[in-house]
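Residue numbers (numbering that gives the first Met the number 0), protein chains in the order written: chain A, 0 to 129; chain B, 0 to 307.
For each residue, glycine too, the CB sits at the ideal point set by N, CA and C.
Everything below concerns the one structure shown next.
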Amino acid sequence: MLPFSIELRPGLPLAEQILFAVKKAVVSGQLRPGDKFPSVRQLSQELRVNPNTAHKVVAALVAENVLLSTPAVGTVVAAPVAGSRRERAALLGSELERVIVEAKKFGLDIHDVQAAVEAHWRKLSEPSKS
Amino acid sequence: MNAIETHGLSRRYGRLEAVHGLDLAVPAGAIFALLGPNGAGKSTTIKVLMNLLEPTAGSATVLGVDSRRLSPRELARIGFVADNMELPEWMTVRVFLDYCRPLYPTWDRDLESNLLQKFELPTDRKLKHLSRGMRMKAALIAALAYRPMLLVLDEPFSGLDPVVRDDFIRGVLEVSALGDWTVFLSSHDVEEVERLADWIAVLEQGKLRFAEPLDSLLRRFRRIEITRGANSVPSPSQSQKPIPSTWLASEEAGTLHRFIDSQYMEGDAERRCAELFPGAAINVQPLPLREIYLTLARHPEAAKAMQP
Numbered sequence: 000m001l002p003f004s005i006e007l008r009p010g011l012p013l014a015e016q017i018l019f020a021v022k023k024a025v026v027s028g029q030l031r032p033g034d035k036f037p038s039v040r041q042l043s044q045e046l047r048v049n050p051n052t053a054h055k056v057v058a059a060l061v062a063e064n065v066l067l068s069t070p071a072v073g074t075v076v077a078a079p080v081a082g083s084r085r086e087r088a089a090l091l092g093s094e095l096e097r098v099i100v101e102a103k104k105f106g107l108d109i110h111d112v113q114a115a116v117e118a119h120w121r122k123l124s125e126p127s128k129s
Numbered sequence: 000m001n002a003i004e005t006h007g008l009s010r011r012y013g014r015l016e017a018v019h020g021l022d023l024a025v026p027a028g029a030i031f032a033l034l035g036p037n038g039a040g041k042s043t044t045i046k047v048l049m050n051l052l053e054p055t056a057g058s059a060t061v062l063g064v065d066s067r068r069l070s071p072r073e074l075a076r077i078g079f080v081a082d083n084m085e086l087p088e089w090m091t092v093r094v095f096l097d098y099c100r101p102l103y104p105t106w107d108r109d110l111e112s113n114l115l116q117k118f119e120l121p122t123d124r125k126l127k128h129l130s131r132g133m134r135m136k137a138a139l140i141a142a143l144a145y146r147p148m149l150l151v152l153d154e155p156f157s158g159l160d161p162v163v164r165d166d167f168i169r170g171v172l173e174v175s176a177l178g179d180w181t182v183f184l185s186s187h188d189v190e191e192v193e194r195l196a197d198w199i200a201v202l203e204q205g206k207l208r209f210a211e212p213l214d215s216l217l218r219r220f221r222r223i224e225i226t227r228g229a230n231s232v233p234s235p236s237q238s239q240k241p242i243p244s245t246w247l248a249s250e251e252a253g254t255l256h257r258f259i260d261s262q263y264m265e266g267d268a269e270r271r272c273a274e275l276f277p278g279a280a281i282n283v284q285p286l287p288l289r290e291i292y293l294t295l296a297r298h299p300e301a302a303k304a305m306q307p
């Protein structure tokens with residue numbers, strides 16, 4: 000079993016779906032810094048995906064400092080990204096834009112969006128129930 | 000290096016040309032899916048590759064050797080499972096594997112028992128008394144246990160129930176490792192191969208429609224939706240500015256204009272849209288592989304753009 004929640008949906012790029020699931024698991028505390036991360040082989044077999052895809056995901060997560068590759072233990076979950084708050088916030092750019100565009104399409108204003116963001120924030124900050 | 004190459008490969012049965020001028024390159028290390036409707040020539044192609052048929056024109060090389068000259072030495076590095084494969088029906092699973100084992104110097108007994116256990120195959124049952132799925136699993140063990148460099152699967156999933164299919168995929172992934180291990184499989188169902196394949200080729204009426212890495216397909220196709228504001232902006236049919244020829248399947252209804260960009264570049268497409276439809280809201284969504292497949296079937300010109 001994989002130590003994070005994931006449900007692959009057909010049609011969408013697999014690597015992106017797995018990347019997102021892992022990052023979400025880190026943010027929500029399902030994966031904690033220092034936790035051992037599954038091997039490429041395990042990922043491929045558990046998710047029934049091409050090993051090249053699994054390899055790419057792990058490489059991308061290491062490159063983004065979400066995972067840490069250690070010679071002794073293998074791959075582990077890294078401590079949260081260093082760098083300035085502003086740098087980290089900049090990572091959200093394209094996601095935010097998508098949210099804002101959607102919100103505008105639905106005719107919501109900034110207060111509706113703030114309330115929704117806050118509600119979702121609280122949901123993810125609660126200790127994981129799974 | 001390519002695990003499989005074909006050059007102008009053709010095969011006719013009497014007057015019927017089942018495969019016509021096929022140029023295919025399967026890179027080593029890929030899981031390569033050959034898709035196409037029934038009767039497209041997939042099985043014929045595979046039979047030529049496995050030297051069960053001779054090409055009527057052109058040639059094929061498999062692991063660097065002309066398909067017509069495949070010797071036991073090469074065949075010992077190739078695993079092959081076909082949907083309608085002939086098996087020695089009178090043998091039990093145990094006897095069948097005992098019979099195969101000495102043919103392959105690289106046979107791995109641990110892997111064999113591991114797969115037997117995983118597949119829950121009754122070893123004392125005769126092959127003719129096994130269900131279709133069970134027979135496929137027995138054939139797969141006999142094709143995987145010697146850790147071939149190339150695994151060729153002809154319609155491996157057709158007619159298998161979901162559980163057997165999942166076992167089957169698990170078995171293939173069990174043996175696969177990164178590196179030179181190549182899988183070439185045919186299927187008539189895109190969704191069957193979507194998670195597994197990293198290369199997609201489509202054969203139709205004996206001809207190659209396209210062959211492209213899955214990544215590249217998923218990256219370059221996007222569905223773009225443009226919602227025009229209340230103060231109407233000219234619709235593209237009225238607009239004087241030309242629409243890029245890579246924008247396909249253009250549709251319009253009400254304030255919504257929708258099309259598929261077959262050469263999507265992030266930022267670029269958004270800029271073009273903003274120019275053509277000032278003030279409109281733009282929504283860009285990835286396109287599922289099934290829809291990419293349909294789009295390419297209806298717009299063959301979109302496939303040509305990528306070919307070398």
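C-alpha distance - residue i paired with residue j, whole-angstrom precision
i: Gln44 (chain A); j: Glu111 (chain B); result: 18 Å
i: Ala279 (chain B); j: Lys103 (chain A); result: 12 Å
i: Ala137 (chain B); j: Glu117 (chain A); result: 55 Å
i: Leu255 (chain B); j: Glu265 (chain B); result: 21 Å
i: Met49 (chain B); j: Pro147 (chain B); result: 14 Å
i: Ala131 (chain A); j: Ala59 (chain B); result: Summary: the structure shown does not reach residue 131 (chain A), with chain A confined to residues 0 through 129, and so no result is reported for it.
i: Asp260 (chain B); j: Phe220 (chain B); result: 6 Å
i: Ser38 (chain A); j: Pro50 (chain A); result: 10 Å
i: Thr52 (chain A); j: Val192 (chain B); result: 13 Å
i: Pro70 (chain A); j: Lys55 (chain A); result: 19 Å
i: Ile168 (chain B); j: Arg47 (chain A); result: 7 Å
i: Trp120 (chain A); j: Gly28 (chain A); result: 13 Å
i: Glu190 (chain B); j: Ile5 (chain A); result: 19 Å
i: Phe31 (chain B); j: Leu91 (chain A); result: 35 Å
i: Glu290 (chain B); j: Arg218 (chain B); result: 13 Å
i: Val61 (chain A); j: Cys99 (chain B); result: 43 Å
i: Leu129 (chain B); j: Leu96 (chain B); result: 15 Å
Any C-beta of chain A under 9 Å from that of residue i
i: Met305 (chain B); result: Because Met305 (chain B) carries a pLDDT of 42, less than 50, the predicted location of this residue cannot be relied on, and the following value inherits that uncertainty. Taking Cβ atoms only, chain A never reaches closer than 9 Å to Met305 (chain B), which makes this a no.
i: Ser175 (chain B); result: yes
i: Leu195 (chain B); result: yes
i: Asp214 (chain B); result: yes
i: Ile281 (chain B); result: yes
i: Ile30 (chain B); result: yes
i: Glu274 (chain B); result: no
i: Arg222 (chain B); result: no
i: Pro285 (chain B); result: yes
i: Leu217 (chain B); result: yes
i: Thr226 (chain B); result: yes
i: Arg67 (chain B); result: no
i: Arg289 (chain B); result: yes
i: Glu190 (chain B); result: yes
Heavy atom of the ligand MN within 8 Å of residue i beta-carbon
i: Ala144 (chain B); result: Here there are no bound small molecules, and the ligand MN is not part of this structure.
Own chain partners of residue i with C-beta closer than 6 Å, once the 5 adjacent residues on each side are dropped
i: Ala17 (chain B); result: Arg10, Gly40, Thr43 and Gly205
i: Val112 (chain A); result: Ala102
i: Gln16 (chain A); result: Leu7
i: Gln306 (chain B); result: Because the pLDDT of Gln306 (chain B) is 45, which lies under 50, any placement of that residue in the model is unreliable, and the question is left without a value.
i: Leu150 (chain B); result: Gly78 and Val182
i: Pro32 (chain A); result: Val76 and Ala78
i: Leu152 (chain B); result: Val80 and Leu184
i: Val57 (chain A); result: Val39
i: Leu21 (chain B); result: Thr5, Leu8 and Leu207
i: Gly228 (chain B); result: Gly278
Any chain B beta carbon closer than 9 Å to residue i
i: Pro37 (chain A); result: no
i: Lys22 (chain A); result: no
i: Pro79 (chain A); result: no
i: Ala100 (chain A); result: Inspection of the sequence shows that residue 100 (chain A) is occupied by Val rather than by Ala. Answer yes: the Cβ-Cβ gap between Val100 (chain A) and chain B drops below 9 Å somewhere.
i: Leu11 (chain A); result: yes
i: Leu18 (chain A); result: no
i: Leu7 (chain A); result: yes
Contacts around residue i, its chain only, beta-carbon distance under 7 Å, and the 5 residues preceding and following it disregarded
i: Ala27 (chain B); result: Met0, Asn1, Ala2, Asp179 and Thr181
i: Lys35 (chain A); result: Val72, Gly73 and Val75
i: Leu247 (chain B); result: Phe258, Ile259, Ser261, Thr294, His298 and Ala301
i: Val64 (chain B); result: Glu73
i: Met133 (chain B); result: Leu120
Sequence-distant residues of the same chain with beta carbon closer than 8 Å to residue i, five excluded per side
i: Gly170 (chain B); result: Leu114, Lys117, Phe118, Lys136, Leu139, Ile140 and Leu143
i: Glu88 (chain B); result: Lys125, Leu126 and Lys127
**Request:** Could you name the residues of the region 43 to 56 of chain A whose beta carbon sits closer than 8 Å to any beta carbon of chain B, in the order they occur along the chain?
**Result:** So the close ones are Ser43, Gln44, Leu46, Arg47, Val48, Asn49, Pro50, Asn51, Thr52 and His54.
**Asked** Can you give, in chain order, each stretch of the beta strand (DSSP E) that sits fully within the region 19 to 80 of chain B and has at least 3 residues?
**Response** Here the runs fully enclosed are 30 to 34 and 56 to 61.
**Request:** Can you give me, in chain order, the residues of the region 158 to 174 of chain B that have a beta carbon less than 8 Å from any beta carbon in chain A?
**Result:** Going along the region 158 to 174 of chain B in chain order, one finds Asp165, Ile168, Arg169, Leu172 and Glu173 with a Cβ nearer than 8 Å to chain A.
**Message:** To test your reading of the DSSP string, which unbroken beta strand (DSSP E) runs of 3 or more residues are found completely within the region 193 to 257 of chain B?
**Reply:** Secondary structure remark: continuous beta strand (DSSP E) runs of at least 3 residues inside the region 193 to 257 of chain B, in chain order: 198 to 203, 206 to 212, 221 to 226 and 246 to 252.
**Message:** Extract the residue ranges of the alpha helix (DSSP H) inside the region 83 to 129 of chain B, only unbroken runs of 4 or more that lie entirely within it.
**Reply:** For the region 83 to 129 of chain B, whole alpha helix (DSSP H) runs of length 4 or above, ordered along the chain, are 92 to 99 and 108 to 118.
**Prompt:** Closer than 8 Å, Cβ to any Cβ of chain B: which residues of the region 102 to 117 of chain A, in chain order?
**Reply:** Cβ contacts with chain B come from Lys103 and Lys104.
**Message:** Suppose only complete runs of 4+ residues qualify. What are the alpha helix (DSSP H) ranges in the region 125 to 169 of chain B, listed by chain order?
**Reply:** Runs found: 131 to 143.
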